[in-house]
Structure formats: C-alpha cells, structure tokens
Amino acid sequence: MSRVRGIAWYTVLLGLSLIFIAPLVWMLLTSIKTPGEATQVPPTLFPQKITTEGYGTLFEAGSQTPVLRWFLNSLLAATGQAVLVLIVASMAAYPLARMQFRGKNLLFGLILATLFVPIFTLIIPNFLIIDRLGWLDTLWALIVPGAASAFGVFFLRQFFESLPRELEEAAVLEGANSWQVFTKVILPLSKPALATLGLISFLTNWNDFIWPIYVLFSPTSFTLPPGLGILQGAYTINYPVVMAGAAIASIPALLLFVLAQRYIIEGVSRSGLKG
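Going by the numbering used here, the sequence shown opens with residue 1, and the numbers climb by one from there.
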C-alpha cells in the first residue's frame, strides 16, 4: 500500500513539474523558429527549421532594442536593491527579535500593517520623492524606493527568533557587544534566510514592470521588462524575437534558483518554526 501511495505522489509531482516546465520549453522552442512557423496553425512543437534570427535581431548593431544594456540595467538594479533590502531588513529585524524595549510589538505591528497597503497607492508619492531627489531616468529610482521591505523585516525576524539564545548569551559572556553579536553570531547563522530574502528581492525587482515605466524615459535606461515590451509591434508581433528576449530575461532567475535552492528550502522551513 505504501509503495502504491509513493508511486501516486511521484506521479502527481511529475505532473506538476511538467506543468511548470512546459511554458519554458515552449518559449525556448519558439525562439528558434521562423516567424511564419511561430504563428502556424496548428502549431508545431519542434521547429521544422532551426534558426537564431530572433536572437540575432536582438543583438544586431544599431538596434533600437539594446537588450544587453537592458540586461545590465536590470542586473544592477536588482542586485543593488537586494543588497539594500538585506542590510535594512536584517538591522531592523534583529532588535525586534532579540532585544526588549518599550513599544516593540506596536512597532512590529505597524511594520506588518504596511503589507496591506496596495502598492499602487504609493506610486505617486514615490514618484514625487524621486523627482525631488533628481533620480528620474536613473537606476537609483529602481534601487532605493524598495529598500525598506516590510516583508523582509517580518521574514528575518521569524528566522532570528528560531535561533538558540544560548549562542548569543555565550558571546555576551565573552565580552561581545550587541553589534558584534549581530555581525559575528546572528548573521553567519542566518545564511539560509538571507539567501532566500536576497533571491526574493532580486526577482521582485528583476520582474517589475509598472514602476520602471513611470520613472524611466530614455530607451538606454530601460530594464528588461519594459524594454521587452517594445519588441511587440502595434499590429504584428515577431514571436521568435519576443520569446528570445524572454529566454534571456529568465536566465538569471533560473541560475539563482538552482544555486540557492538548498538555502531557500532551509530558510523558508526554519522561518516558520517560531513566531
């Protein structure tokens, strides 16, 4: 009976895996088709004639779609915001998890309450602030506004509370102050949670479409999501080119997930143990 149940579970997992993998496979196969075959009815799964014209169109000299520049902009913006989120969230979560002070629970409740504020209500205030700072049409407009992450504070606080207090007490007995405990004890033990939050922050910025189209104006300043929107014409769409751009945009996300998978699983599981 247990063997049948195991086979059934593996069958379900295999089916779910195929559901998630199928769009990626279709995207890659479409990117190496000709424009005519990509719109053929009924559609073909495997290309009858393999071509890299879609990728060539993206990278041709003098192109109005500088995909490599968009890729670099996205990489810099997503990496910069992920680093800032880790710095701000970890420094905010540590006192909320490990220190005692008046109003701590109220402060944490207010931070959590911001998660229920619709993100679209913040677009105009953030735009006005960015305009006053002179950051419009720059990567700073994409990096700084999302640095204070309420989710990041909540996530790291849950993880910090799951760590044994004996290690912290031992460090204090050795003469360590609060900053040394935070940097030498807490952070090294929190690599899974930090890796998970860093990946989530990176992907959130990497996939953001709405905010960049408000604050970026020149084509050379675009990131990949709004930039790839240019690839769709007003009346016709070159699907191999669009899919080639989507394939390039998916590379960092897939690589990061593969490299950080172990930390992600451990970080998510441990963050839910206590709180």
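C-beta atoms are modelled at their ideal positions from N, C-alpha and C, and glycine is treated no differently.
Predicted model only: the values in this text are computed from it and were never measured.
{"Query": "Relative to the C-alpha of residue 282, which candidate in 105, 30, 113 and 207 has its C-alpha closest?", "Result": "No answer is possible for residue 282: the residues shown for the chain start at 1 and end at 275."}
{"Query": "Please classify residue 11 as buried or exposed, where buried requires at least 16 other C-beta atoms within 10 Å of its C-beta.", "Result": "exposed"}
{"Query": "Helix, strand or coil for residue 230? Go by DSSP, reduced to three states.", "Result": "coil"}
{"Query": "Just the Cα atoms here: how many angstroms apart are residue 188 and residue 110?", "Result": "28 Å"}
{"Query": "Nearest to residue 237 by CA position, among 182, 214 and 38, is which residue?", "Result": "38"}
{"Query": "Among the candidates 141, 44 and 13, whose CA atom is the shortest distance from the CA of residue 27?", "Result": "44"}
{"Query": "What span of residues does the alpha helix (DSSP H) with residue 200 cover, start to end?", "Result": "191-206"}
{"Query": "Flag residue 99 as yes when its Cβ comes closer than 7 Å to any non-hydrogen atom of the ligand COA, and as no otherwise.", "Result": "Ligands in the displayed structure: none, and consequently the ligand COA is not present."}
{"Query": "To the nearest angstrom, how far is it from the Cα of residue 78 to the Cα of residue 30?", "Result": "27 Å"}
{"Query": "Could you tell me the alpha carbon to alpha carbon distance between residue 168 and residue 178, rounded to whole angstroms?", "Result": "9 Å"}
{"Query": "Going by CA-CA distance only, name the one from 243, 227, 146 and 211 that's closest to residue 200.", "Result": "146"}
{"Query": "Quick one: what's got a C-beta closer than 6 Å to residue 108's C-beta in the same chain, skipping five residues either side?", "Result": "96"}
{"Query": "Could you check what DSSP says for residue 87 in three-state terms: helix, strand or coil?", "Result": "helix"}
{"Query": "Entirely within the segment 99-126 and at least 4 residues each: give me those alpha helix (DSSP H) ranges in chain order.", "Result": "104-113"}
{"Query": "Output yes or no for whether 8 Å exceeds the beta carbon distance between residue 67 and residue 229.", "Result": "no"}
{"Query": "Is it true that the CB of residue 88 sits closer than 8 Å to the CB of residue 8?", "Result": "no"}
{"Query": "When you compare each of 18, 174 and 194 to residue 159 by their alpha carbons, which one comes out closest?", "Result": "194"}
{"Query": "Going by alpha carbons, who is nearest to residue 51 out of 220, 223, 103 and 240?", "Result": "240"}
{"Query": "Measuring alpha carbon to alpha carbon, tell me which residue in 192, 208, 260 and 251 is nearest residue 81.", "Result": "208"}
{"Query": "Along the chain, where does the alpha helix (DSSP H) containing residue 2 start, and where does it finish?", "Result": "2-31"}
{"Query": "Going by C-alpha distance, which of 115, 76 and 247 is nearest residue 202?", "Result": "76"}
{"Query": "Taking the alpha-carbon positions, what's the residue 211 to residue 56 distance?", "Result": "29 Å"}
{"Query": "For the alpha helix (DSSP H) containing residue 57, list its first residue and its last residue.", "Result": "53-59"}
{"Query": "Apply the 10 Å Cβ neighbour rule to residue 18 and answer buried if 16 or more other Cβ atoms are within range, or exposed otherwise.", "Result": "exposed"}
{"Query": "What separation, rounded to the nearest whole angstrom, lies between the Cα atoms of residue 42 and residue 242?", "Result": "20 Å"}
{"Query": "With 16 other CB atoms within 10 Å as the buried threshold, where does residue 93 fall?", "Result": "buried"}
{"Query": "Taking its Cβ as the centre, do 16 or more other Cβ atoms sit within 10 Å of residue 184, making it buried, or is it exposed?", "Result": "exposed"}
{"Query": "Whole-angstrom Cβ separation of residue 215 and residue 130, contact assumed at under 8 Å?", "Result": "6 Å"}
{"Query": "In angstroms, rounded to a whole number, what distance separates the CA positions of residue 137 and residue 121?", "Result": "21 Å"}
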